[in-house]
Ligand SMILES: *Cc1c(COP(=O)(O)O)cnc(C)c1O
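In my numbering, the protein residues as written are 3 to 229.
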């Protein structure tokens, strides 16, 4: 078996095992394969292996890649930091946006063209670090943002997204996100989805209720140099 297929199989088995261990149905978990820095050809190979969900984090790279792959039947997830002025362009090709973290971005994404009636699925990203430059909203802002996003026409607020900080205990960090989601849902129109878990911590994320995993290197191998 080629290496890519083997790595994909290993992760699929790992996800299924973690789900069963947590008493969850593996089919309730979407694995988004993160293809940033990799060429369109790799996305085609993954598609041929049955992958349907792909994640990209940089607009200038994702836009031409998605255009080149327009013939594939794929769901595109945008997972990187997003400038409000690029929101309209990303909205045009991304089916799901995981990195919504402020009011200006919600407003920019909501502004639909005349006659445009498609609904975009979004996650609110939460910052688990002390560094405001990392992207993601503060815990204290989430209820207000959920209220806004959840009532904005054209947007469907699926849930919360987060990245466990380097060096942290991921299970504990993901538990904080799960608890935050439960608390905010008592008063705001927030969906139950959780986009948590990457190559190194997806089992912990599944144990805390992940519905969307964003897995790159464990499947694609190391990313090419990106200077
Ligand atoms: C790159 C990236 C991932 C995938 O990371 P791996 O460790 O390669 O699995 C997941 N989420 C975000 C936001 C990323 O930028």
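Every residue, glycine too, gets a C-beta built ideally from N, C-alpha and C.
Residue environment, residue i, which counts as buried when at least 16 other CB atoms sit within 10 Å
i: residue 216; result: buried
i: residue 19; result: exposed
i: residue 229; result: Reliability of the predicted coordinates at residue 229 is poor, the pLDDT of 46 falling under 50, and no value is obtained from them.
i: residue 22; result: exposed
i: residue 168; result: exposed
For residue i, the nearest candidate out of the options (CA to CA)
i: residue 211; options: 25, 7, 9, 11; result: 25
i: residue 230; options: 95, 104, 69; result: Outside the shown range of the chain (3 to 229) lies residue 230, about which nothing can therefore be said.
i: residue 43; options: 67, 121, 21, 146; result: 67
i: residue 201; options: 5, 121, 8, 17; result: 17
i: residue 59; options: 36, 46, 49; result: 36
i: residue 185; options: 171, 144, 40, 112; result: 144
i: residue 172; options: 206, 142, 157, 197; result: 206
i: residue 155; options: 222, 119, 131; result: 119
Residue-chain proximity (residue i, chain B), Cβ-Cβ < 8 angstroms
i: residue 174; result: Judged by its chain identifiers, the structure shown contains no chain B, having just a single protein chain.
Heavy atom of ligand 2 within 7 angstroms of residue i beta-carbon
i: residue 217; result: This structure lacks ligand 2; the ligands present are ligand 1.
Residue i, enclosing alpha helix (DSSP H) - first and last residue
i: residue 197; result: Careful: residue 197 lies outside any alpha helix (DSSP H), inside the beta strand (DSSP E) at 195-197.
i: residue 54; result: Taken as a continuous stretch (DSSP letters only), residue 54 belongs to no alpha helix (DSSP H), as it is neither H nor E.
i: residue 40; result: Careful: residue 40 lies outside any alpha helix (DSSP H) and carries neither H nor E.
Residue range of the beta strand (DSSP E) that includes residue i
i: residue 158; result: 157-164
i: residue 77; result: 77-80
### Query
Whole alpha helix (DSSP H) runs in the stretch 112-146 with 4 or more residues, listed along the chain?
none
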